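*Asks:* Residue numbers (this note's numbering): 34 to 377.
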Ligand code: SF4
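1) Evaluate the contact criterion for the segment 296-310 versus the segment 235-255: three or more CB pairs, one atom per stretch, below 8 Å.
2) Could you tell me the alpha carbon to alpha carbon distance between residue 269 and residue 183, rounded to whole angstroms?
3) Closer than 7 Å by C-beta to residue 160: which residues in its own chain qualify, once you throw out the five before and the five after it? Chain order, please.
4) Counting C-beta neighbours from all protein chains within 10 Å, is the total for residue 53 16 or more, i.e. buried, or is it exposed?
5) Under the criterion of a Cβ to heavy atom distance below 7 Å, does residue 240 qualify as lining the ligand SF4?
6) Are the C-beta atoms of residue 61 and some chain C residue less than 8 Å apart?
7) Taking 7 Å as the cut-off, does the CB of residue 394 come closer than this to any heavy atom belonging to the ligand SF4?
8) Should residue 34 be counted as a contact of the ligand SF4 given a C-beta to heavy atom distance under 7 Å?
9) Name the DSSP beta bridge partners of residue 261, please?
10) Where do the N-terminal and C-terminal ends of the alpha helix (DSSP H) with residue 300 fall, by residue?
11) Is residue 226 near the ligand SF4, in the sense that its beta carbon is under 7 Å from a heavy atom of that ligand?
12) When you measure from the CB of residue 234 to every non-hydrogen atom of the ligand SF4, does any distance come out below 7 Å?
13) Pick helix, strand or coil for residue 318, following the three-state DSSP scheme.
14) Using the rule of at least 16 other Cβ atoms within 10 Å of the residue's Cβ for burial, across every protein chain shown, is residue 332 buried or exposed?
15) Do residue 166 and residue 143 come within 8 Å of each other at the CB atom, strictly closer than that value?
16) Straight-line CA distance for residue 211 to residue 44?
17) Specify, as a first and last residue, the run of the beta strand (DSSP E) that residue 273 falls within.
18) Taking all protein chains shown into account, decide if residue 279 is buried (16 or more other Cβ within 10 angstroms of its Cβ) or exposed.
19) Runs of 4 residues minimum, wholly inside the segment 175-237: which ones carry the alpha helix (DSSP H) assignment?
20) Measure the alpha-carbon distance for residue 288 versus residue 191 and round it to whole angstroms.
21) Going by alpha carbons, who is nearest to residue 63 out of 83, 46, 47 and 256?
22) So, are the CB atoms of residue 339 and residue 377 less than 8 Å apart?
23) Using the Cβ count rule (16 or more neighbours within 10 Å means buried), how would you classify residue 133?
24) Using a Cβ-based criterion (distance less than 7 Å to any ligand heavy atom), does residue 176 qualify as near the ligand SF4?
25) May I have a chain-ordered list of the alpha helix (DSSP H) segments no shorter than 4 residues that lie completely inside the segment 95-131?
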């Protein structure tokens, strides 16, 4: 394993991608980018990161920004608990020392920060010799060792943490990033890895045994739960109804179009709306939509409904206000598009 360190560092120095959060080693910049990069592609994160830094340039402003405004900035990135945990951590930091903690163990105590993120921040920003093990690192190491250990097991993670700790060089941040970069660009997860241009090919046992595509071994994913909804895009003149989701659970505190469980046909939808006290002037069934979360899939039947009057149960906003002031999750982007088509 020790043999891979120098070639990897040299390769990284020459080949690392220019990314906005790599311009300096500011722990705040690294922290925000690492949280955004969880479950989100680098290209998508770039835009969000630049916008986020313009609006929330430091920990103090993150601690004090209005929670709805923060969600609006996060809109489209998904996994909104990440934004909430960021703010909870910022508040904790501001209340305590006022600056980002500088050790792995202290960083690990912040809400929403796990071992990987703590490793990335402490090694990149503070030069602490700790590994940062994400999916890319797991894949690269399991292939180098031609190891059939199951990476879904905590035991494997602990073993790998210890093995990498033993070979950490004096540039731990660069080494961690080099491993991740290799996994993201050369030792790729889908399809054939680009072994012919890999800087550590001669140390890779999987390459020698031709087992690259069989590794790493992990638990098979659980089936996603299927849920059905009927979504009502209620219109009264130029205003549309939205409401805030509960402040716990999936898409907590985000806004959404009114909806109920089940796929209602037009007749059932009209009956339901009447029961809810709406006087329907016109109902249009639009294309149904689907949204895939990590652990569930929503199938949605959508209706645009013109109603006689607004009500107190919902917030009624014009479309510009909806788009600029309210955080609407990606799950409702199809309905937003349908609404725009209908109005314009
Ligand atoms: S040689 Fe191939 S399988 Fe081995 S680490 Fe490099 S890219 Fe991955």
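All C-beta atoms, glycine included, are put in the ideal place defined by N, C-alpha and C. Predicted model, so just to flag it, every value in this text is computed and none were measured.
*Replies:* With the structure as the only source:
1) no
2) Numbered from 1 along the chain shown, position 236 holds the residue referred to as residue 269. Numbered from 1 along the chain shown, position 150 holds the residue referred to as residue 183. Cα-Cα distance, rounded: 56 Å.
3) Against the chain shown, residue 160 aligns to sequence position 127. For residue 160, where only same-chain residues beyond five positions count, the Cβ hits under 7 Å are 205 and 206.
4) Within the chain shown, residue 53 is the residue found at index 20, counting from 1. It counts as exposed.
5) For this step, residue 240 is matched to residue 207 along the chain shown. Yes, the ligand SF4 has a heavy atom inside 7 Å of this Cβ.
6) Absence of chain C from the displayed structure is noted, only one protein chain being present.
7) Here the chain covers residues 34 to 377 and nothing more, so residue 394 does not appear.
8) As a position in the chain shown, residue 34 is number 1, starting the count at 1. No, Cβ of residue 34 sits at least 7 Å from all heavy atoms of the ligand SF4.
9) Position 228 of the chain shown holds residue 261. Note: residue 261 sits in a beta bridge opposite 332.
10) Taking the first residue of the chain shown as position 1, residue 300 is located at position 267. Unbroken alpha helix (DSSP H) run through residue 300: 299-308.
11) Position 193 of the chain shown holds residue 226. Flag set: Cβ of residue 226 near the ligand SF4.
12) If you number the chain shown from 1, residue 234 lands on position 201. Within the cutoff, so yes.
13) For the purposes of this step, residue 318 is identified with residue 285 of the chain shown, where counting begins at 1. Correct three-state label for residue 318: strand.
14) The residue labelled residue 332 in the question sits at position 299 within the chain shown. The residue in question, residue 332, is exposed, as its Cβ has fewer than 16 Cβ neighbours within 10 Å.
15) The residue given as residue 143 occupies position 110 in the chain shown. The residue given as residue 166 occupies position 133 in the chain shown. Cβ atoms of residue 143 and residue 166: not closer than 8 Å.
16) The residue given as residue 211 occupies position 178 in the chain shown. The residue given as residue 44 occupies position 11 in the chain shown. About 8 Å.
17) Start at 1 with the first residue of the chain shown, and residue 273 comes out as number 240. Note, residue 273: beta strand (DSSP E), 272-277.
18) Here residue 279 corresponds to residue number 246 of the chain shown, with the count starting at 1. Label assigned to residue 279: exposed.
19) 187-199 and 205-218
20) To locate residue 288, count along the chain shown from 1; it is residue 255. To locate residue 191, count along the chain shown from 1; it is residue 158. So the two alpha carbons sit approximately 40 Å from each other.
21) Residue 63 sits at position 30 when you count from the first residue of the chain shown. It is 83 whose Cα lies nearest to the Cα of residue 63.
22) Residue numbering aside, residue 339 sits at position 306 when the chain shown is read from its first letter. Residue numbering aside, residue 377 sits at position 344 when the chain shown is read from its first letter. No, they are not a contact pair.
23) For this step, residue 133 is matched to residue 100 along the chain shown. Label assigned to residue 133: buried.
24) Taking the first residue of the chain shown as 1, we reach residue 176 at position 143. Answer for residue 176: yes, Cβ within range of the ligand SF4.
25) 100-107 and 114-128
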